[in-house]
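Asks: In this text, residue positions in the sequence shown follow full-length UniProt numbering: the first is 1, and each later residue adds one.
All C-beta atoms, glycine included, are put in the ideal place defined by N, C-alpha and C.
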Amino acid sequence: MSTTSTPSTGCRACHCCWAELAFTQVPYFVPDTPAARADLAAQYTTIGRMDQGIGLVLQELRGAGVLNDTLVIFTSDNGIPFPSGRTNLYWPGTAEPMLVSSPEHPKRWGQVSEAYVSLLDLTPTILDWFSIPYPSYAIFGTKTVQLTGRSLLPVLEAEPLWTTVFGSQSYHEVTMSYPMRSVHHQNFHLVHNLHFKMPFPIDQDFYISPTFQDLLNRTTAGQPTGWYKDLHQYYYRERWELYDRNQDPHETHNLAADPRYTQVLELLQTQLVKWQWETHDPWVCAPDGVLEEKLAPQCRPLHNEL
1 MSTTSTPSTG
11 CRACHCCWAE
21 LAFTQVPYFV
31 PDTPAARADL
41 AAQYTTIGRM
51 DQGIGLVLQE
61 LRGAGVLNDT
71 LVIFTSDNGI
81 PFPSGRTNLY
91 WPGTAEPMLV
101 SSPEHPKRWG
111 QVSEAYVSLL
121 DLTPTILDWF
131 SIPYPSYAIF
141 GTKTVQLTGR
151 SLLPVLEAEP
161 LWTTVFGSQS
171 YHEVTMSYPM
181 RSVHHQNFHL
191 VHNLHFKMPF
201 PIDQDFYISP
211 TFQDLLNRTT
221 AGQPTGWYKD
231 LHQYYYRERW
241 ELYDRNQDPH
251 ETHNLAADPR
261 YTQVLELLQT
271 QLVKWQWETH
281 DPWVCAPDGV
291 LEEKLAPQCR
301 PLHNEL
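1. Less than 8 Å between the CB atoms is what I'm expecting for L127 and S102, so what's the real figure, rounded?
2. Between the Cα of P34 and the Cα atoms of F74, Y134, D214, which residue gives the shortest distance?
3. Could you tell me which whole alpha helix (DSSP H) segments of length 4 or greater appear in the stretch 22-65?
4. Which residues in the same chain as W275 place their Cβ atom closer than 6 Å to its Cβ, once the five residues preceding and following it in sequence are excluded?
5. Please report how far the alpha carbon of P106 lies from the alpha carbon of Y116, in whole angstroms.
6. Tell me the start and end of each unbroken alpha helix (DSSP H) in the stretch 214-296 that is at least 4 residues and wholly inside, in chain order.
7. If contacts are defined as beta-carbon pairs under 8 Å, then S118 and V155 qualify, I think. What distance do you get, rounded to the angstrom?
8. Leaving out the 5 sequence neighbours to the left and right, which residues in its chain are closer than 7 Å to L291 when beta-carbon positions are compared?
9. Count the other C-beta atoms from every protein chain shown that fall within 10 angstroms of the C-beta of Q169, then say buried if there are 16 or more, exposed otherwise.
10. Taking buried to mean at least 16 other C-beta atoms within 10 Å of its own C-beta, is F74 buried or exposed?
11. Using a threshold of 8 Å, state whether the C-beta atoms of Y243 and H232 are closer than that.
12. Looking only at its chain, what residues have a beta carbon closer than 6 Å to the beta carbon of residue 326, apart from the 5 residues adjacent to it on each side?
13. In whole angstroms, what is the alpha-carbon distance linking Q43 and T142?
14. Specify, as a first and last residue, the run of the alpha helix (DSSP H) that I126 falls within.
15. Indicate the three-state DSSP secondary structure (helix, strand or coil) for S8 in the structure shown.
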């Protein structure tokens with residue numbers, strides 16, 4: 001992740017924050033409009049308060065004399081609450097903060113790792129920190145439960161060659177069933193939209209936000225939105241979306257139908273479905289099949305012309 005800093009005026013009032021934000025580059029996935037900039041300013045204010053709160057926690061740990069015995073992990077539960085962010089598997093929706101500080105691993109203090117990691121790695125990391133092996137057990141009498149993540153402690157020693165990571169999103173609110181699966185492999189990103197024939201659902205919090213309301217109003221009025229997409233593109237998506245993030249970091253050019261990328265597409269599709277089987281994903285057969293989950297799980301065809 002990258003950060004953008006602006007000159008500080010020492011102001012705390014909202015109009016001063018707005019004045020500072022006027023000099024800030026808006027992230028590509030956020031409409032560049034006054035309403036969205038004000039929304040973004042509120043988000044940055046929240047981040048500032050959070051940063052202060054983390055400082056207070058570290059201060060308490062230091063005061064209690066346990067800071068040098070504590071593994072500190074900071075992350076979030078989803079991407080930023082803006083278009084293409086939270087509830088999406090595009091880069092803004094999966095790019096979450098991940099800060100790990102270990103007093104026992106000073107070698108890489110202050111360094112940034114380019115390794116692909118995920119929230120699935122937190123449990124193995126904490127178990128590794130306490131030298132606790134993961135217990136062996138099964139569910140439903142047949143499925144042996146295995147951790148799908150890996151410990152992050154080796155990353156604190158040296159940069160690993162972790163170039164693949166998977167993503168999953170099925171629900172947000174009870175009315176928001178839009179299952180998606182994704183895989184990042186090296187510079188390529190593949191998204192599988194299982195309900196691609198349906199419009200992408202919008203959650204209530206995002207719908208009432210100043211950013212989305214302004215986007216709706218501008219679209220209805222036929223005014224420029226200052227956005228890198230339009231709402232029709234956002235609602236209606238292809239089943240497969242393949243992006244080369246080296247050449248297309250904003251993920252706007254879908255390569256899935258490009259014959260030059262057939263091998264890449266098939267490789268990532270194979271990786272993705274393998275991961276789905278390994279993690280007992282109930283959506284592994286969707287949308288053109290149904291999972292028959294018995295002693296030998298298998299996909300049964302639906303003959304739905306997909």
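Replies: On the basis of the coordinates in this document:
1. No, L127 and S102 are not in contact; Cβ-Cβ is about 14 Å, not under 8 Å.
2. Per the Cα distances, D214.
3. 34-63
4. F166
5. 21 Å
6. Entirely contained in the stretch 214-296, the alpha helix (DSSP H) runs reaching 4 residues are, in chain order, 231-235, 262-278.
7. The pair is not a contact, with the Cβ atoms about 13 Å apart (cut-off 8 Å).
8. P282, V284, C285, P297, C299
9. Residue burial annotation: Q169 is buried, with at least 16 other C-beta atoms found within 10 angstroms of its C-beta.
10. exposed
11. In this structure, H232 does not lie closer than 8 Å to Y243 by Cβ.
12. Outside the modelled stretch of the chain, which goes from 1 to 306, sits residue 326, for which no answer is possible.
13. 46 Å
14. 122-129
15. Reliability fails at S8, whose pLDDT of 33 lies under 50, so the model's placement of it is uncertain and the value that follows must be treated cautiously. Note: S8 maps to coil in three-state DSSP.
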